[in-house]
Amino acid sequence: MSDDRDEQPHFSPRVLVAIDRLQSSSDEKLMDQLRQGHQDALSVLFDRHYRLVFSIALKILHDHGEAEDLMQEVFLEVYRKIENFNPSKGSAKTWILQYAYHRSLNRQKYLNLRNFYGRLKGSDINEWELPHNSNGWNGLTYHEWARVIERGLETLNQKERKTLEMAYFHGLLLKEIAEHLEEPLPNIRNHYYRGLKKLRDFLNERSCLQKKPVRGVVC
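Under the numbering used here, the first residue of the sequence shown carries the number 6, and numbering increases by one thereafter.
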C-alpha cells in the first residue's frame, strides 16, 4: 500500500520558479502572459480577483448560485477575449471588474425576463443595496461611482470605513472581516450597517440616489 505522500504532484525546480514568477507578476504582466498562451496566468488572476468579481455579481444578481456561475464565466471570457484588453486605457483589474459589472447587468435582465426575482420582495432586495441600472449607478459610470463612494467613506469613522472597504473593495464576507480585524461578528455587523446608512445619507444629501440629480450638485 503506497504512502499518500507518493501521490502528491511533484514539480521540477524550473516549474516552481515559473509559478513563483507568475505570482509575483503585475496584473498587466499576467495579461501579457495570458495573451501569449500561458494559461497558468489565468489561475493567478483568478486567485487575485475572484472575490471582487463574485461580490459585484452577488450585489447585482442577489443569488449565490448565479453569482458563482457568472464569476466563472467572466474569467473564461477574460481568457477568450484577452486581445480586447488595452493597458493604455486602464488597469487589468479595472477591465476585469467592468466586464464583471456589465455581464452581471446583462444576466440580471435575462433573469428578470424569466421572472427569476418574482418570489423576492423588492424591499428585501434593495434594503441595503445601492441602486444600479444599465447606465451604471443612476447614470454614473463605474469609475465615477467609485469616486463618489470614496468621498462618502471619508465621512465615516475608522471602523465603519474599514469594514465597508473590506466588504466592497476586497469582497470579504462579514465573518471574514471579523476574523481579520479580530472583532466579534455582531460588532462588525454594527460597523457595516451604520456605515452603510451614513453612506446612503451622504449620497442622498448630494442627490446621488435621486433619479433626477439636482442641477449644480456634483456627486
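The beta carbon of each residue, even a glycine, is placed where N, CA and C say it ideally should be.
Under 8 Å Cβ to Cβ from residue i, same chain only, skipping five residues before and after it: list those, please.
| i | result |
| --- | --- |
| Met76 | Tyr55, Val58, Phe59, Ala62 and Ala105 |
| Gln113 | Ile65 and Leu66 |
| Pro92 | Glu33 and Met36 |
| Glu88 | Arg40 |
| Glu82 | Tyr104 and Arg108 |
State the DSSP-derived secondary structure class of residue i, mapped to helix, strand or coil.
| i | result |
| --- | --- |
| Phe90 | coil |
| Tyr197 | helix |
| Asp206 | helix |
| Glu78 | helix |
| Gly157 | helix |
| Leu265 | Summary: the structure shown does not reach residue 265, with the chain confined to residues 6 through 224, and so no result is reported for it. |
| Leu178 | coil |
| Asn120 | coil |
| His69 | helix |
| Gln113 | helix |
| Ser31 | coil |
Give me, in chain order, the residues of the same chain whose beta-carbon lies closer than 6 Å to that of residue i; leave out the 5 immediate sequence neighbours on both sides.
| i | result |
| --- | --- |
| Gln38 | Ala46 |
Go through its chain and collect everything with a Cβ distance to residue i's Cβ below 7 Å, but skip five positions before and after it.
| i | result |
| --- | --- |
| His196 | Lys164, Glu165 and Thr168 |
| Ile182 | Thr168, Met171, Ala172 and Ile193 |
| Arg156 | none |
| Pro189 | Ala183 |
Taking all protein chains shown into account, decide if residue i is buried (16 or more other Cβ within 10 angstroms of its Cβ) or exposed.
| i | result |
| --- | --- |
| Ser29 | exposed |
| Leu178 | exposed |
| Glu71 | buried |
| Gly42 | exposed |
Does the contact criterion of 3 or more C-beta pairs under 8 Å hold for the stretch 105-124 versus the stretch 157-165?
no
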